[in-house]
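Undergrad: I am attaching a structure below and will ask some questions about it afterwards.
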Amino acid sequence: MTRDPVYSACATFANELSGQGVEHVVISPGSRSTPLTLTFAQTANIKTWVQLDERSAAFFALGLAKKTQKPVALICTSGTAAANYLPAVVEANWSETPLIVLTANRPPELRGWGAGQTIDQTNIYGSNVRWFAELPIANEPDDHWFQFAAARAFQSSMGPRPGPVHLDWPFREPLEPLNDAVLGQPSDPIHLDMAHTVLSSNKIRDLAQRLEQTPRGVVIAGPMVQGSQWRQAVKHFCTKTGYPLLAEP
Numbered sequence: 015m016t017r018d019p020v021y022s023a024c025a026t027f028a029n030e031l032s033g034q035g036v037e038h039v040v041i042s043p044g045s046r047s048t049p050l051t052l053t054f055a056q057t058a059n060i061k062t063w064v065q066l067d068e069r070s071a072a073f074f075a076l077g078l079a080k081k082t083q084k085p086v087a088l089i090c091t092s093g094t095a096a097a098n099y100l101p102a103v104v105e106a107n108w109s110e111t112p113l114i115v116l117t118a119n120r121p122p123e124l125r126g127w128g129a130g131q132t133i134d135q136t137n138i139y140g141s142n143v144r145w146f147a148e149l150p151i152a153n154e155p156d157d158h159w160f161q162f163a164a165a166r167a168f169q170s171s172m173g174p175r176p177g178p179v180h181l182d183w184p185f186r187e188p189l190e191p192l193n194d195a196v197l198g199q200p201s202d203p204i205h206l207d208m209a210h211t212v213l214s215s216n217k218i219r220d221l222a223q224r225l226e227q228t229p230r231g232v233v234i235a236g237p238m239v240q241g242s243q244w245r246q247a248v249k250h251f252c253t254k255t256g257y258p259l260l261a262e263p
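Take a look at the structure:
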């Protein structure tokens, strides 16, 4: 049997995302993203959704991520398909909703020459993503880099400030797998220690003193306050301070 480096890398990446906790992948089909589409469709514990329109697909994924409180992956082909994700990526940024955007791309040698469905996708979403990376073209026997990239994508999307991440993945033709290809096998998920912001005891004392000196105030809670622990914390704070609470439903 022959090893297909492209599909092996995709399988390693998909298996790692599944192991980290990704359960849903929303796909807008296109030829350049064929390796990702076929791989995720065969990945255990992953439910794939097909939405032809990329803008609609992105907002559908955004809703899934808000509902499940877990990252949802998005897959599209190269070119303007990636640009159609932008509105939902911006909203995911400001609503702190985890998304993992996977855009297929032409290989470097086809860019800048007028090739079809080819635009500059490098960091196309700008400051709206927590992490961006252009993945290498898979032609080496070692798939560990792709496993690490999947783990970092998941962890970066989850915190300490959740939001979207973007991985741009170039593929060369042929885009279909070899008939007898050996794909990557699942392995133990990678654990990454992510930094978390913690207030020092001095900062907490300073805030407490300021609250004591400000008997009249108001708390405005927006839609980013998610999870029962946050709701209880806000409620407890308002009870202790006597501040009225204004909340967006």
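Using this note's numbering, the letters of the sequence shown correspond one by one to residues 15 to 263.
We treat Cβ as the ideally placed atom computed from N, Cα and C, and that holds for glycine.
Because the structure is a prediction, the values reported are computed rather than measured.
(1) In angstroms, rounded to a whole number, what distance separates the CA positions of I133 and N142?
(2) Are the beta-carbon atoms belonging to K61 and T111 less than 9 Å from one another?
(3) So, with DSSP's three-state summary, where would you put N119?
(4) If you scan the stretch 15–90 from start to end, which runs of the beta strand (DSSP E) of 3 or more residues do you find wholly inside it?
(5) In the DSSP assignment, find the unbroken beta strand (DSSP E) run with D220 in it and report its ends.
(6) Using beta-carbon positions only, say whether Q135 and N119 come within less than 9 Å of one another.
(7) According to the neighbour-count rule (16 or more other Cβ atoms, all chains shown, within 10 Å of its Cβ), is I138 buried or exposed?
(8) Looking at C24: is its Cβ nearer than 9 Å to the Cβ of P49?
(9) Starting from the C-beta of V233, find all residues in its chain whose C-beta is less than 6 Å away, skip the five residues before and the five after it, and write them out in chain order.
(10) Do you know offhand how far L149's Cα is from V20's?
(11) Would you tell me roughly how many angstroms separate the C-alpha atoms of G236 and T94, rounded to the nearest one?
(12) From I114 to H250, what does the alpha carbon distance come to, in whole angstroms?
(13) Select from A87, L76, N216 the residue whose C-alpha is nearest the C-alpha of A102.
(14) For S92, which option in A28, G140, F168, R46 has the closest C-alpha, if you only look at C-alpha atoms?
(15) Looking at L88 and the ligand SAH, is the gap between the Cβ and the nearest heavy atom below 8 Å?
(16) Start and end of the alpha helix (DSSP H) containing P178?
(17) Indicate whether Q34 and Q169 have their beta-carbon atoms separated by less than 9 Å.
(18) Using only alpha-carbon positions, find the residue among P121, S70, P122 that is nearest to L100.
(19) Would T228 be called buried (16 or more neighbouring beta carbons within 10 Å of its own) or exposed?
(20) Count the other CB atoms, across all protein chains shown, that sit within 10 Å of the CB of I89; report buried if there are 16 or more and exposed otherwise.
(21) Between the beta-carbon of V64 and the beta-carbon of F54, is there less than 9 Å?
(22) Do S32 and T57 have their C-beta atoms within less than 9 Å of each other?
(23) For L116, which option in W159, P122, A164, G140 has the closest C-alpha, if you only look at C-alpha atoms?
(24) With C-beta atoms as the reference, is V36 less than 9 Å away from A96?
TA: So, from the listed chains and residues:
(1) On the sequence shown, residue 133 is found 119 positions in, with the first residue counted as 1. On the sequence shown, residue 142 is found 128 positions in, with the first residue counted as 1. Each residue's Cα considered, the two are about 19 Å apart.
(2) Locating residue 61 in the sequence shown gives position 47, counting from the first residue. Locating residue 111 in the sequence shown gives position 97, counting from the first residue. At least 9 Å separates the beta-carbon of K61 from that of T111.
(3) As a position in the sequence shown, residue 119 is number 105, starting the count at 1. N119: strand per DSSP, three-state reduction.
(4) The DSSP assignment places 38–41, 61–64, 86–90 as complete runs of the beta strand (DSSP E) inside the stretch 15–90, in order along the chain (cut-off: 3 residues).
(5) One-based indexing of the sequence shown puts residue 220 at position 206. Bounds of any beta strand (DSSP E) do not take in D220; it lies within the alpha helix (DSSP H) bounded by 215–226.
(6) Taking the sequence shown and counting its residues from 1, the one referred to as residue 135 is at position 121. Taking the sequence shown and counting its residues from 1, the one referred to as residue 119 is at position 105. Yes; because the gap between Cβ atoms is below 9 Å, this pair is in contact.
(7) Taking the sequence shown and counting its residues from 1, the one referred to as residue 138 is at position 124. Classification of I138: buried, given that the 10 Å Cβ count is 16 or more.
(8) Here residue 24 is taken as the residue at index 10 of the sequence shown, counted from 1. Here residue 49 is taken as the residue at index 35 of the sequence shown, counted from 1. Contact: yes.
(9) The residue you call residue 233 lines up with position 219 of the sequence shown. For V233, where only same-chain residues beyond five positions count, the Cβ hits under 6 Å are C252, Y257, L259.
(10) Taking the first residue of the sequence shown as 1, we reach residue 149 at position 135. Taking the first residue of the sequence shown as 1, we reach residue 20 at position 6. Near 12 Å, if we compare the C-alpha coordinates of V20 and L149.
(11) Indexing the sequence shown from 1 puts residue 236 at position 222. Indexing the sequence shown from 1 puts residue 94 at position 80. Cα-Cα distance, rounded: 33 Å.
(12) Residue 114 sits at position 100 when you count from the first residue of the sequence shown. Residue 250 sits at position 236 when you count from the first residue of the sequence shown. Each residue's Cα considered, the two are about 34 Å apart.
(13) Position 88 of the sequence shown, counting from 1, holds the residue named residue 102. Of all alpha-carbon atoms in A87, L76, N216, the one lying nearest the alpha-carbon of A102 is that of L76.
(14) Here residue 92 refers to the residue found at position 78 when the sequence shown is read from its first residue. For S92, the nearest C-alpha among the options comes from R46.
(15) With respect to the ligand SAH, the structure shown offers nothing to examine, as it has no ligands at all.
(16) Taking the first residue of the sequence shown as 1, we reach residue 178 at position 164. Careful: P178 lies outside any alpha helix (DSSP H), inside the beta strand (DSSP E) at 178–184.
(17) Mapped onto the sequence shown, residue 34 falls at position 20. Mapped onto the sequence shown, residue 169 falls at position 155. Taking C-beta atoms as the reference points, Q34 and Q169 count as a pair closer than 9 Å.
(18) Taking the sequence shown and counting its residues from 1, one reaches residue 100 at position 86. Of the candidates P121, S70, P122, the residue whose Cα lies closest to the Cα of L100 is S70.
(19) Counting from 1 along the sequence shown, the entry for residue 228 is found at position 214. Classification for T228: exposed.
(20) Here the question's residue 89 lines up with position 75 in the sequence shown. Residue environment for I89: buried (at least 16 other C-beta atoms within 10 angstroms of its C-beta).
(21) The residue you call residue 64 lines up with position 50 of the sequence shown. The residue you call residue 54 lines up with position 40 of the sequence shown. No, these two residues do not count as a Cβ contact at 9 Å.
(22) Counting from one through the sequence shown, the residue named residue 32 turns up at place 18. Counting from one through the sequence shown, the residue named residue 57 turns up at place 43. Yes.
(23) Walking along the sequence shown from the start, residue 116 turns up at place 102. That would be A164, whose Cα lies nearest to the Cα of L116.
(24) Against the sequence shown, residue 36 aligns to sequence position 22. Against the sequence shown, residue 96 aligns to sequence position 82. Contact flag unset, no.
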